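**Q**
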Amino acid sequence: KGFACAISYYGGGILEAAAEQPKCPVIAHFGERDHVIPVAGVRAFGEAHPDVGVYIYAADHGFNCDQRGSYDPAAATLARQRTLDFLRQQAASLNRT
4 KGFACAISYY GGGILEAAAE QPKCPVIAHF GERDHVIPVA GVRAFGEAHP
54 DVGVYIYAAD HGFNCDQRGS YDPAAATLAR QRTLDFLRQQ AASLNRT
């Protein structure tokens, strides 16, 4: 309520909230080699929420931050493209209503 959509990058805490249903369209980006957020939990979250776009990249936690050693340009570029596509899709959806 109050959000048109939401985007999560390696969302700490999102797995603990898996029982809650999102109230807006959501996509989430995770690193497969993330030592903070277990990939098994990410996959379970995706199965519990088939309407959420869950993307897993062959990368570590913080793959999108170019100030970290874990920065992965390929994963960051793909996540950015998916994010922008999602935002365009949501904006188009709002314009139709």
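The opening position of the sequence shown corresponds to residue 4 in the working numbering, with each subsequent residue numbered one higher. Built from N, CA and C at the ideal position, the CB exists for glycine as well. All values reported here derive from a predicted model rather than from experimental measurement.
What first and last residue would you give for the alpha helix (DSSP H) that runs through V42?
**A** For the purposes of this step, residue 42 is identified with residue 39 of the sequence shown, where counting begins at 1. Where V42 is concerned, the enclosing alpha helix (DSSP H) stretches over 42-51.
**Q** By a C-beta neighbour count over all protein chains shown, 10 Å radius and 16 as the cutoff for buried, is H32 buried or exposed?
**A** Working through the sequence shown from its first residue, we reach residue 32 at position 29. Buried, because 16 or more other Cβ atoms sit within 10 Å of the Cβ of H32.
**Q** With distances taken Cα to Cα, identify the nearest neighbour of A20 among R36, G44, T80, C8.
**A** Here the question's residue 20 lines up with position 17 in the sequence shown. Closest option to A20, Cα to Cα, is G44.
**Q** Residues in the same chain with beta-carbon distance under 7 Å from Q93, minus the five sequence neighbours each way, listed in chain order, please.
**A** Mapped onto the sequence shown, residue 93 falls at position 90. A7, C8, P28.
**Q** So if DSSP puts V57 in a beta bridge, which residue, or which two residues, is it bridged to?
**A** Residue numbering aside, residue 57 sits at position 54 when the sequence shown is read from its first letter. DSSP output for V57 lists A31 as bridge partner(s).
**Q** Could you give the residue range of the beta strand (DSSP E) that holds S137?
**A** Because the chain here runs from 4 to 100, residue 137 falls outside it and cannot be looked at.
**Q** Given a threshold of 16 other Cβ atoms within 10 Å of its Cβ, counted over all protein chains shown, does G102 qualify as buried or as exposed?
**A** For the chain, the structure presents residues 4 to 100; residue 102 sits outside this window and is missing.
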